[in-house]
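One structure below.
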Amino acid sequence: MKRKLLSASLLALCLVFSAFAQVQQEQIQTSAQRAKVNAHKEQLVRGGMPYEAAVKRALTVFENEQEVSSRNRLIPRP
1 MKRKLLSASL LALCLVFSAF AQVQQEQIQT SAQRAKVNAH KEQLVRGGMP YEAAVKRALT
61 VFENEQEVSS RNRLIPRP
């Protein structure tokens with residue numbers, strides 16, 4: 001009985017750590033994506049584009065890249 005309880009406890013602990021690692025990975029990806037958009041926006045602003053237009057353009061480029069990336073994942077590779 002104690003072994004089953006210990007086994008279930010270890011399994012629950014592993015699931016918690018796995019969920020925590022997944023959340024951490026998502027936060028890292030979000031931060032990287034935000035940094036990429038901000039860098040592109042800053043580059044556009046330095047090039048003379050108005051701030052609001054630069055924000056819109058950087059987000060549009062990012063969204064288009066995400067769409068292409070997700071489409072490419074759907075295409076089967078030989």
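Residue numbering for the sequence shown is 1 to 78, as defined by this note's numbering. For each residue, glycine too, the CB sits at the ideal point set by N, CA and C.
Assigned exposure category for residue i - 16 Cβ within 10 Å defines buried
| i | result |
| --- | --- |
| Leu44 | buried |
| Lys41 | buried |
| Ala12 | exposed |
| Ala58 | buried |
| Ala53 | exposed |
Limits of the alpha helix (DSSP H) - the one that residue i falls within
| i | result |
| --- | --- |
| Ile28 | Lys2 to Arg46 |
Cut-off 7 Å between Cβ atoms - residues of its own chain near residue i, not counting five sequence neighbours on either side
| i | result |
| --- | --- |
| Val61 | His40 |
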